[in-house]
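Student: Read in order, the letters of the sequence shown are residues 1023 to 1205 in this note's numbering.
Below you'll find the structure I mean.
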Amino acid sequence: WWIAWAIVGILVLNAALGLWMQHERLVFNGSTCEPIGLYRLLGSPYPLHDGELVEVEIPGPAHHPAVAEGLKYHWFPAGQPWIKEIAALPGQTVRLSRAGVWVDGHYLPNSRVDRWTPGHHHRIVHYPFGTYRLRNGQVWLYAPGNYAFDSSYYGPVPAMDILQGVRPWWVIAGSQYWLQRGD
């Protein structure tokens, strides 16, 4: 009996936590893109600003080989929005190379493009290296964490895929760097 009661208790606590998070407009980020923790949803981020944290819809795998690859190997859960930083807006220039990303000549820290997954199990598909001028309706997303999955891998995304602004509510500072890169 005690096992049944324990299971019921866990289910009730889980439901209560979910309702509380929904009421407080909180989402959990457990990825290596931004610090692990809870983020408050702020509503419409428009007009967009570079440097702003946003919740974004996962780009469609049919149009992005890197996203299809990530879903295939379960690098991130399907159907879960991402938290990213806006690095560039329409009219800005992005230069992408193996060494990283430059926006209007300014280097984005820890933006080097990884070639392999942790443990060298799979090669990682990335967006073609080159210089891009963002068109109207496009944004370049950035995440500074180790093994962060951002526009370096799937390219610019439609601004309409930005769901809402977010801000950290309770996070573990530095946790986006826990997974160490293997050069």
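Using N, Cα and C, we set each Cβ at its ideal position, and we do this for glycine too.
Source: prediction; values computed, not measured.
Between G1065, V1161, A1181, Y1176, which lies nearest to T1115 when the distance is taken from Cα to Cα?
Tutor: V1161
Student: Relative to the C-alpha of P1099, which residue among L1039, Q1186, L1111, N1051 is closest?
Tutor: N1051
Student: Compare the C-alpha of G1196 against each of W1138, E1056, P1083 and name the closest.
Tutor: E1056
Student: Distance check for V1089 and R1207, CA to CA, integer angstroms please.
Tutor: Any answer about residue 1207 is impossible in this case: the structure gives the chain only from 1023 up to 1205.
Student: Could you tell me the distance, in whole angstroms, from the CA atom of S1119 to the CA atom of Y1176?
Tutor: 14 angstroms
Student: Quick one: Cα of W1191 to Cα of G1040, how far?
Tutor: 16 angstroms
Student: Does the distance from the CB of G1122 to the CB of L1111 come in under 8 angstroms?
Tutor: no
Student: Using three-state DSSP, classify W1169 as helix, strand or coil.
Tutor: At residue 1169 the sequence reads Tyr, which differs from the Trp that was named. Residue state, collapsed to three classes: coil.
Student: Give me the Cα-Cα distance between I1025 and D1183, rounded to the nearest whole angstrom.
Tutor: 44 angstroms
Student: Please report the Cβ distance between I1058 and I1194, rounded to the nearest whole angstrom; I am assuming they are in contact, meaning their Cβ atoms lie under 8 angstroms.
Tutor: 5 angstroms
Student: Quick check: E1077 and I1105, are their CB atoms within less than 8 angstroms of each other?
Tutor: yes
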